[in-house]
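The structure appears right after this line, and notes come after that.
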Amino acid sequence: MPKNISGSPVTAPTEPLGSETNRLTLPVVLGLAVFPVTAAFLATTGMPTTEIVPLLGYSTGIGVFAVLALSGGRRLVAGLAALVLRASQQ
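Each residue of the sequence shown is one higher than the last, beginning at 51 in my numbering.
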């Protein structure tokens, strides 16, 4: 067992590492709730379902791309862009 040579007491963290990513926060709840609400609103205005689903899918893709780009996930964004290009060429 390693010894504490600094002389100061060592304390264990009170929360496990990465526990903050498992919390249910308001942005997560609102992000999940906005899609059915938007779909219901568009359906009541007369937009056909065959147009609502792709619209929500495209807006989700744009949102994911924006979050990844702003969070510094350049490598993941480059892979996603390559995947989209390959899929669009087929």
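Beta carbons are placed, not taken as given, at the ideal position from N, Cα and C, and that holds for glycine.
(message) According to DSSP, simplified to helix, strand and coil, what is ARG124?
(response) The residue given as residue 124 occupies position 74 in the sequence shown. Helix at ARG124.
(request) Rounded to whole angstroms, what's the CA-CA distance from LEU82 to SER138? Just pull it up for me. (result) By one-based count along the sequence shown, residue 82 stands at place 32. By one-based count along the sequence shown, residue 138 stands at place 88. Going from the Cα of LEU82 to the Cα of SER138 covers about 28 Å.
(request) Measure how close the beta-carbons of ALA93 and THR99 come, nearest whole angstrom, since I'm counting them as under 8 Å. (result) Reading the sequence shown from its first residue, position 43 is the one you call residue 93. Reading the sequence shown from its first residue, position 49 is the one you call residue 99. That pair is a contact at about 7 Å.
(message) So, under 8 Å CB-CB, LEU118 and LEU126 are touching, yes? Tell me the CB distance rounded to an integer number of Å.
(response) Looking up residue 118 in the sequence shown gives position 68. Looking up residue 126 in the sequence shown gives position 76. About 6 Å separates the two Cβ atoms, so the contact holds.
(message) Could you tell me the alpha carbon to alpha carbon distance between PHE115 and ALA132, rounded to whole angstroms?
(response) By one-based count along the sequence shown, residue 115 stands at place 65. By one-based count along the sequence shown, residue 132 stands at place 82. Their backbone Cα atoms lie some 13 Å apart in a straight line.
(request) Find the nearest neighbour of GLY109 within the set ARG136, GLY129, LEU76, VAL84, judged by alpha-carbon distance. (result) Taking the first residue of the sequence shown as position 1, residue 109 is located at position 59. Residue identity check: residue 109 is Ser in the sequence provided, not Gly. Of ARG136, GLY129, LEU76, VAL84, the residue nearest in Cα terms is VAL84.
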